[in-house]
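S.K.: Mind having a look at this structure? Questions to follow.
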Amino acid sequence: MGPWSTVLITLQLLLSAVGLPVQPAAVSQDRRAGRPVVATPNGGSIARQLDAIARREGSAAVPPGRPASPRSLRRVEVPGNVHPRAARFAGTDGTGHFRNGLQPGDKRHPNLVYYNDSRNGEGGDLIAEADGFHRGETEEAGHSHGGDLKPGFNLREVEVALSGSVDPYFDAVAFITVGGGEVEVEEAYVRTRRLPGGLQVKAGRFLSDIGYINRQHPHQWAFSNQNLAHDLVLGGGLAENGVQVTWLPPLPVYLQMGAEALQGENDAIAVYVGPTEERPLFSEASGPRLITGFAKFSPDLGFNHALQVGGSLARARGFQEEHGELSLEGHAWLVGLDAVYKYDSPKPWGEDDIVVQGEYLRRTKSLAILPRPVSESASSSLGSTQDGFYVQGSLGIAPRLTVAARLDVAGMANWIGTGGHTLADYGSSRRFSGALTFTRPSSPGYDFRWTARAFRSTACGSPSRRCGFSCRSAWARTARTSSDEGQS
Amino acid sequence: MTRRLLPALVGVMVAASAHAAVNVVATTTSMGMLVRTVGGDRVSVTVLAPPDRDAHYLQARPSMILAVRRADLVVAVGAELEIAWLPSVLESAANARVLPGRSGYFEAAAQISLIEKGETADRARGTYIRRAIRTSTWIRSGWPR
């Protein structure tokens, strides 16, 4: 073959807007003179347009023979009907100063946790060792979201959220966390603004939209840690590089459908090792290795009530697992169901508000023991099914004060089998959690939230070789610079 | 303001089908009343925030997203009243017609000149800052008659 036998295809997506400095004001506006806020969703090319508007404004705003008054600016043909924060989304800062790129400082979430447990700080390990949930050797120790808290004070992370418009067609969003000496890109994606028919495409690194809580950042959780189902069945949560398409059809009821093609690097449902010197039997599988689909349905229950139910499905190929000397390879399925009910009371600051939510996740692995035999025999394959759910509820007992309780169980179905025979059947692990949260909601400016939480957890397997009990408590404090109400 | 709302409404009425009523989403009941006054029976108005609720602190509901998804025009109060929830509703609704800057988005506060705005505000100085600023403005420029 000649030099053309290899074709390189590279689709490059550059979030160049992230690094752009804030541009100086292209149009300086005097709001006291009553000039409307100029905002436009366009990018750099529109700066010229704004300059033209400013020039026209300067010459025509005060017609000869008429006294200058703020009302005379009515004739200025600018799209002045812009929501200030939306204007930030649209590429301006709402004060008339045109900016390009992302607006840093939109939100910052320092997350300080005081943690202690009854097992000298090893209460988290108990959950990691929950019976039946093999944590492969490929898994990195600990999770970024809370399994690895030390007794005492922990600055878990500082999350910085950046968002802005790239041009009329794309928004860019980035969530960067700094903590434990590491900088992690939690999310960094571009999202379309103007696709027709209720379509939206997102590309980059993002939290998958499967289920309900997976989309939320840790500071939005009602508890200071992730639930057992997501922790054990979904590796703490699904954040991947990839592409997402969602569709919101114009129906009388809310129905959102979506699909994602993800790289497949999750350490619970899309484990990929690849051929190495020690494990030469693993095959090469290029991404995307994880495909997901989801649907969310919500009937209109009026101002006070909101209900959303959803279902999701994911399939990972190239799933590779190491068990001692054994190398296993195959695929994995994930099925999820979720439901959320919210009651928004007329009382201010969350008093009497109710949130009840629950999710169920079920993972099925179908793996072959390598090397694969020439003829597929029953003994060469290994299957396992594991599931988990959580149910949690919160109630606003006073303005700004919320109590929450949660039950999460992992491993109701928890077995490994081969060719119809069960090799091992483990028991389930469960945990009860309670939380008391003080929230200071606030209009724009500085926003502050103080949270106190206490946990009681039991991760007790059966047959109970490892049966344990631990009390855990954590006080978490999250400061916010902008209100970020979660989506129902 | 009504005079300014009228062109916006006429604009979307021309754009929309001549037979169907124009779908207008108003963030508050007061904006809804304004739209009904201007649009009469040519508009079908959906209000997002109930009158007994503080429009600062609402949560984005799927029903809001659905309403904006089907809207020809969104009419908001502005001045950062709906800042906590309207941007995320607009984002999720995937309706390019009603994005800020397009003809299907109308914000009342942007049509007038806001007074007592642009002063330095710092929460460290407490919540009576506005009153203090107003008082200092009056001292500088004379008490309002």
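Chains L and P, in that order, give the protein sequences.
Numbering of the first sequence is given in the numbering used here, commencing with residue 47 and proceeding in unit increments.
Numbering of the second sequence is given in the numbering used here, commencing with residue 18 and proceeding in unit increments.
Where a beta carbon is used, it is the ideal one built from N, C-alpha and C, also for glycine.
Could you give the DSSP three-state label for Ile400 (chain L): helix, strand or coil?
M.R.: In this structure, Ile400 (chain L) counts as strand in the three-state DSSP scheme.
S.K.: Given this structure, state the Cα-to-Cα distance separating Gln366 (chain L) from Leu253 (chain L), to the nearest angstrom.
M.R.: Each residue's alpha carbon lies about 23 Å from the other.
S.K.: Taking a cut of 9 Å between CB atoms, which residues from the segment 218-247 of chain L lie near chain P?
M.R.: Listed by position along the chain: Arg237, Thr238, Arg239, Arg240, Leu241, Pro242, Gly243, Gly244, Leu245, Gln246.
S.K.: DSSP state of Arg261 (chain L), grouped into three classes?
M.R.: In this structure, Arg261 (chain L) counts as helix in the three-state DSSP scheme.
S.K.: Is the beta carbon of Pro345 (chain L) sitting closer than 8 Å to the one on Ala307 (chain L)?
M.R.: No. Outside cutoff.
S.K.: Does Thr223 (chain L) come out as helix, strand or coil in the three-state DSSP assignment?
M.R.: In this structure, Thr223 (chain L) counts as strand in the three-state DSSP scheme.
S.K.: Is Asp255 (chain L) helix, strand or coil when you go by DSSP?
M.R.: Residue state, collapsed to three classes: coil.
S.K.: Return the CA-CA distance between Tyr318 (chain L) and Leu359 (chain L), expressed in angstroms with no decimal places.
M.R.: Rounded to whole angstroms, Tyr318 (chain L) to Leu359 (chain L) spans 19 Å at the Cα level.
S.K.: Could you name the residues of the same chain whose beta carbon sits closer than 7 Å to that of Ser105 (chain P), not counting the 5 residues immediately before and after it, in chain order?
M.R.: Same-chain partners within the cutoff: Ala77.
S.K.: Under 8 Å by Cβ, that's how I've got Gly442 (chain L) and Gly396 (chain L) pegged, so tell me the actual separation to the nearest angstrom.
M.R.: Going by Cβ atoms, the distance from Gly442 (chain L) to Gly396 (chain L) rounds to 4 Å, so yes, they are a contact pair.
S.K.: Taking the alpha-carbon positions, what's the Leu469 (chain L) to Gly310 (chain L) distance?
M.R.: Those two C-alpha atoms are separated by around 28 Å.
S.K.: Going by beta-carbon coordinates alone, are Val115 (chain P) and Ala72 (chain P) separated by less than 8 Å?
M.R.: In this structure, Ala72 (chain P) does not lie closer than 8 Å to Val115 (chain P) by Cβ.
S.K.: Among the residues of its own chain, which have a CB less than 8 Å from the CB of Asp390 (chain L), if the five just before and after it don't count?
M.R.: Phe349, Asn350, His351, Ala352, Asp399, listed in sequence order.
S.K.: Measuring alpha carbon to alpha carbon, tell me which of L:Gly404, L:Leu428, L:Arg409, L:Glu405 ends up nearest Ile415 (chain L).
M.R.: The shortest Cα separation from Ile415 (chain L) among L:Gly404, L:Leu428, L:Arg409, L:Glu405 belongs to L:Leu428.
S.K.: Residues in its own chain within less than 8 Å of Val94 (chain P) by CB, not counting five upstream and five downstream?
M.R.: Cβ within range, chain order: Thr44, Thr45, Ser47, Met48, Ala72, Glu124, Ala125, Ala126.
S.K.: I need the straight-line Cα distance from Leu107 (chain P) to Arg119 (chain P), nearest angstrom please.
M.R.: Distance between the alpha carbons of Leu107 (chain P) and Arg119 (chain P) is about 12 Å.
S.K.: What is the DSSP secondary structure of Val60 (chain P), counted as helix, strand or coil?
M.R.: If DSSP states are grouped into helix, strand and coil, Val60 (chain P) belongs with the strands.
S.K.: Buried or exposed: which applies to Val64 (chain P), given that a residue is buried once 16 or more other Cβ atoms fall within 10 Å of its Cβ?
M.R.: The residue is buried, with at least 16 neighbouring Cβ atoms inside 10 Å.
S.K.: Please return the same chain residues whose Cβ sits closer than 6 Å to the Cβ of Asn460 (chain L), not counting the five positions on each side in sequence.
M.R.: Gly178, Gln432, Tyr472.
S.K.: Which residue or residues does DSSP assign as beta-bridge partners of Gln302 (chain L)?
M.R.: According to DSSP, which records beta bridges pairwise, Gln302 (chain L) is partnered with L:Lys342.
S.K.: Who are Asp454 (chain L)'s beta bridge partners in DSSP?
M.R.: In DSSP, Asp454 (chain L) forms a bridge with L:Tyr436, L:Arg477.
S.K.: If you measure between the beta carbons of Ala90 (chain P) and Val55 (chain P), is that distance less than 8 Å?
M.R.: According to the sequence provided, residue 90 (chain P) is Leu. The question's Ala does not apply to it. Contact: no.
S.K.: Just confirm the distance between the C-beta atoms of Leu453 (chain L) and Phe484 (chain L), as a whole number of angstroms; I'd bet it's less than 8 Å.
M.R.: The pair is not a contact, with the Cβ atoms about 23 Å apart (cut-off 8 Å).
S.K.: Would you mind telling me which residues of chain P sit closer than 9 Å to Ser344 (chain L), beta carbon to beta carbon, in chain order?
M.R.: Correct list: Arg78, Pro79, Ser80, Ile82, Leu83.
S.K.: Please classify Glu323 (chain L) as buried or exposed, where buried requires at least 16 other C-beta atoms within 10 Å of its C-beta.
M.R.: It counts as exposed.
S.K.: What runs of the alpha helix (DSSP H), each 4 residues or longer, lie entirely inside the segment 54-124 of chain P?
M.R.: Whole alpha helix (DSSP H) segments, 4+ residues: 79-86, 103-110.
S.K.: On the criterion of 16 or more Cβ atoms from any shown chain inside 10 Å, does His276 (chain L) qualify as buried, or is it exposed?
M.R.: His276 (chain L) comes out buried.
S.K.: With DSSP collapsed to three states, give me the class of Leu22 (chain P).
M.R.: Of the three classes helix, strand and coil, the one that applies to Leu22 (chain P) here is helix, per DSSP.
S.K.: Would you verify that the beta carbon of Gln438 (chain L) is, or is not, closer than 8 Å to some beta carbon of chain P?
M.R.: No, no contact with chain P.
S.K.: Can you name the residues of chain P whose CB is closer than 7 Å to the CB of Tyr300 (chain L)?
M.R.: By Cβ distance, chain P contributes Pro79, Ser80, Ile82, Leu83.
S.K.: If we ignore side chains and look at the alpha-carbon of each, how far apart do Ala285 (chain L) and Gly304 (chain L) end up?
M.R.: Approximately 16 Å between the Cα atoms of the pair.
S.K.: Please report the residue range of the beta strand (DSSP E) in which Arg361 (chain L) lies.
M.R.: Per DSSP, Arg361 (chain L) belongs to the beta strand (DSSP E) from 351-369.
S.K.: Just verifying my parser: in three-state terms, what is the DSSP assignment at Gly382 (chain L)?
M.R.: Reduced to three states, the DSSP call for Gly382 (chain L) is strand.
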